[in-house]
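Protein sequence lines correspond, in order, to chains A and B.
Note that the first sequence covers residues 69 to 593 in the numbering used here.
Note that the second sequence covers residues 145 to 491 in the numbering used here.
The structure under discussion appears below in the form of structure tokens.
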Amino acid sequence: MNRTTSRKAMQWMTAAALTAGVFGSLPALAAGTLNLIVQPEPSMLVLGLNGQSPTQYVGSKIYEGLLTYGADLKPQPGLAQSWTISPDGLVYTFKLQQGVKWHDGKDFTSADVVFSTDKFLRTVHPRVRPIINKYLESVTASDDLTVVFKLKEPFAPFISLFGTDNMTMVPKHLYDNGTEYASNPANQHPIGTGPFMFDKWERGSNIVLVRNPNYWKKGLPHLDKIVFNVIPDSASRAVAFEKGDVQVLRGGDVDNVDIKRLEKIPGVERTTKGTEMYSTITSMVMNERKPPFDNPKVRQAVMYALNRDFIVKNIFFGIGKVATGPVSSTTMFYEPNVTQYKFDLKKAKALIEESGVDVSQHPVKILDYPYGSAWSRLAEYTRQSLQQLGFKVDIEATDAGGWAQRVGNFDFDLTFHFTDQFGDPAIGVSRLFVTSNIVKGSPFVNNEGYSNPAVDELFAKASSATSLEERQNLYSQVQKILVDDVANGYLFENQNVTLYKGNVKNLITNGVGTNSNFESVTVEP
Amino acid sequence: MAAVEATGSPDFVAGVRVLKTLTYSLSKLIKALGVILAVVNFFLIRLAPGDPASIMAGEAGASDPAYVERLREQFGLDQPLLTQLLTYIKGILHFDWGFSYRMKVPVLDLIIDRLPATLLLMVAAFIFSITLGVLLGVLSAKTRYTGQRRWLDSLIVSAALVLYATPLFWLSLLAIILFSVYLDWLPAFGMQTVGLDLHGWAYVKDVAIHLILPTLSLGTFYMAMYVRLTRASMLDVMGMDFVKTARAKGVSASRVIRRHVLRNGLLPVVTFSGIQLGQMAGGAVLTETVFGWPGIGRLMFDALMQRDYQLLLGIFLVTSTMVVIFNLLTDLVYRLVDPRIVFEGGK
């Protein structure tokens, strides 16, 4: 605190000392330090209270969950060294690692697990909250290192929820004191069990994490320090990487056009691995409550009228892959044998004719997805395509806040969004289509208003089925229906490209990629 | 600038007396103005669609309506608008500016944390632009006046025109590419080298190096303005009778320029410097964004995009107060530059 104050004083002094000549060589970066970019700057670092991508990026080094997940999304030991699931799929028993300590020196025990899941996450976690409230009967600690979860009904993807980004472990001794979790002072200095400890956060500039010398995995982590730099401008971020000030760029850090340029620099590695857990899909969302999109034939016509190859190649610079349905080809339960909507303008026009809808009578407003210029290009391309079918189309611009409100209140005709799959259709996909999720107030639910009892039933059965084959069978059926009905317009699977300097090793080792804890990452000189 | 010869003169004493009463009424006025501003701001930002709760839920990627409702309740957004306003006004009158919804940190802490960076950049860009701008403007006007080295005048005027017309954002990026990427002389972003933990002069030097590019980028436009302004207003004064008289009396050209022309020609420059400071007080969002400068402009921009009402109101209050203060200072400087100007009808 004192140092910060004196530093502020020094900033003032610098203002006075400006006229002095100050050119000189730039100081070199310390060894054992990994320099990253966090974009946008997170609002806080406590996972559980905030599930945004930048919070996950930083928080995943500080906090841990009971399990981790490989590239195949199968569970692996984390804070739990072993676990069993009862044959009826109702009882999950976890055995915790020994000798794990919080960053402040207190022991990590089963009491922390019970508090984190039953109280903390049950109240605050935006995604896990509804699942816990719906399925979790009880969490009990049978001894210091054993925790038992009992479910109300079988929920097969439950085992996928124990990663850092979902059921993260928070210290009971700091949060279980009657204060409101969200305004607890402990949030300003996150305490976890992970390989890196929070050091400092200069808002607007950087977040620094340092090595946890008492990490429960002996000999890890390798890095001394991780610095997350806040660089708000995309072009400046590209320059920072080019110049070597940061060693890693992950998906979304720079524009796709810059990726094409930067990946050609000698010594730069490129990978699309490490995003299996998220397997983001971009969809076109049509408001199906009113004409013209209440008619499935019209929606099918729109799908035929869009050249999705063109979209991926020319609007998103080839970074992506045309989607076949609502489930990504990089996740479990993907079904490839569905109706294919190959670009065919004639067929599209025929379908419009067949539908009997006079589309020129229903002007369509495309609500721009406010996340960069590529999305505006997508809106413009869609407008042209729809105009060819006889639609009258306008584009409306908005910002993130306006977009969330409009879509959350079903006040739109057509828009786009991209959503993560989180390893299981029951978590990432069904939420977009089941009738019970037609609720006002938030985007990324069933905003389009699609309602099909058969789909609802299949999703419900699939989430409680315990055998993999049965689940695959149910999910295959539901995917076929959703594709035939064009419940959403599935455009493409986003590929998140991670670029990194060749001297950074072991960066991407599992299905959450850069959101893993970086315990084995090294930077060679 | 030369010291004012009239120090201690009856004129000046009267001026100070008037100023004192003026300051008193001004402090009252500022308080009232502050409250009015706060009220106007309060309603103004509510006009934007969306609220922080729905945005936070949206960013989380998924949510249930109960969660959004809970957030609203937590933020006090479920209260009637008037109640929210009263709570807020009561708060600021007790110097309690509330918490940022998103960051869960007191608004005042956030602002105090970011303000020095903005002031530093502002002062640096101001000194750079006004010093160089006036200097070049005088030089340019002088060559016109003496008729020697007219090419210098043309050079300065055309350079100023080009800089005046160049987009700031583009200039900044080019500067980064040239000075950071190719020449590697200057850092590309940030306010200090991360992870070095420098102290004392090493720290000052580090910040100063980081300051160069943002200062040049931000100050260049204003510098061009000052060049054009100084030159034009000096050329105006040069044609006046008293200048001819001074010359006819045998005063040297450079003395005429300094004592007679410059002093009179500076008034529009002072006016504009007040405007410049006012503009920059809101933070230079563009410069701060391109150079990753942790100033208040970016804080404001982010708060705006995320509808962080409390934080936004706090920033508005600080920046509008600063604008009022700068305008006051400008008025004072008028008096220094031109002793004929006296507040409130003179003696």
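In this text, a Cβ means the ideal position worked out from N, Cα and C, and glycines have one as well.
Annotation: V276 (chain A) is outside any alpha helix (DSSP H); the continuous beta strand (DSSP E) that includes it extends over N274 to R279. Contact between I271 (chain B) and S417 (chain B) is absent: CB atoms are separated by about 11 angstroms, not below the 8 angstroms threshold. About 6 angstroms separates the beta carbon of G116 (chain A) from that of F188 (chain A), a gap short enough to meet the 8 angstroms contact definition. Contacts with chain B (Cβ-Cβ distance below 7 angstroms) from the region 278-306 of chain A involve K293, V295, N297, V298, I299, P300, D301, A303 and S304, listed in chain order.
Taking 8 angstroms as the cut-off, the Cβ atoms of V395 (chain A) and V380 (chain A) do not count as close. Nearest in C-alpha terms to G422 (chain B), of all of B:K388, B:L443, B:D446 and B:F460, is B:F460.
Residue pairing by DSSP puts K293 (chain A) in a beta bridge opposite A:T101 and A:V278. DSSP, read as helix, strand or coil, puts S510 (chain A) in coil. At the C-beta level, T236 (chain A) and Y125 (chain A) stay beyond 8 angstroms of one another. Between F243 (chain B) and chain A, the shortest Cβ-Cβ separation is below 8 angstroms. Chain B places a beta carbon closer than 8 angstroms to that of N255 (chain A), counting this residue as a contact. Residues of the region 217-231 of chain B with a C-beta atom less than 8 angstroms from some C-beta of chain A are Q218, listed in chain order. Contact check for T534 (chain A) against F512 (chain A) fails: the beta carbons are separated by 8 angstroms or more. Not a single CB atom of chain A sits nearer than 8 angstroms to the CB of R391 (chain B).
DSSP places H485 (chain A) inside the beta strand (DSSP E), whose first and last residues are L482 to T487. Taking a C-beta cut-off of 9 angstroms against chain B, the contacting residues of the region 456-475 of chain A are T466, D467, A468, G469, G470, W471, A472, Q473, R474 and V475, listed in chain order. What S198 (chain B) touches in chain A, judged by beta-carbon distance under 7 angstroms, is A472, Q473, G476, G509 and S510, going in chain order.
In chain order, P194 and R197 make up the part of chain A whose C-beta sits under 7 angstroms from the C-beta of Y211 (chain B). Under DSSP, P360 (chain A) forms no beta bridge with any residue. Across the structure, E217 (chain B) and R451 (chain B) are spaced so that their CA atoms are roughly 16 angstroms apart. DSSP places T152 (chain A) in no alpha helix (DSSP H) but in the uninterrupted beta strand (DSSP E) bounded by A148 to I153. For K248 (chain B), the closest Cβ of chain A is nearer than 8 angstroms. Apart from the 5 residues on each side of it in sequence, P258 (chain A) sits with its Cβ closer than 6 angstroms to the Cβ of L113, V114, I130 and F266 in its chain, given in chain order.
A Cβ of chain A is located within less than 8 angstroms of the beta carbon of M449 (chain B).
At the C-beta level, L446 (chain A) and I420 (chain A) stay beyond 8 angstroms of one another. For a cut-off of 8 angstroms, the C-beta gap from K174 (chain A) to H241 (chain A) is around 6 angstroms, short enough to register as a contact.
The beta carbons of G440 (chain A) and A139 (chain A) sit no closer together than 8 angstroms. For D313 (chain A), the chain B residues whose Cβ falls inside 8 angstroms of its Cβ are P331, A332 and F333, in order along the chain.
Annotation: the continuous beta strand (DSSP E) that includes P143 (chain A) extends over P143 to P145.
In the structure shown, the three-state DSSP call for I440 (chain B) is helix. The Cβ atoms of Q408 (chain A) and T398 (chain A) do not sit closer than 8 angstroms to each other. The beta-carbon of A179 (chain A) is placed no less than 8 angstroms from the nearest beta-carbon of chain B. Interface annotation, R442 (chain B): in contact with chain A, CB-CB separation under 8 angstroms.
Interface with chain A (8 angstroms Cβ-Cβ cutoff): I459 (chain B) is excluded. Between the beta-carbon of Y249 (chain A) and that of T191 (chain A) there is about 7 angstroms, and that keeps the pair under the 8 angstroms contact cut. Closest by C-alpha distance to G167 (chain A), out of A:T177, A:Y160 and A:V159, is A:T177.
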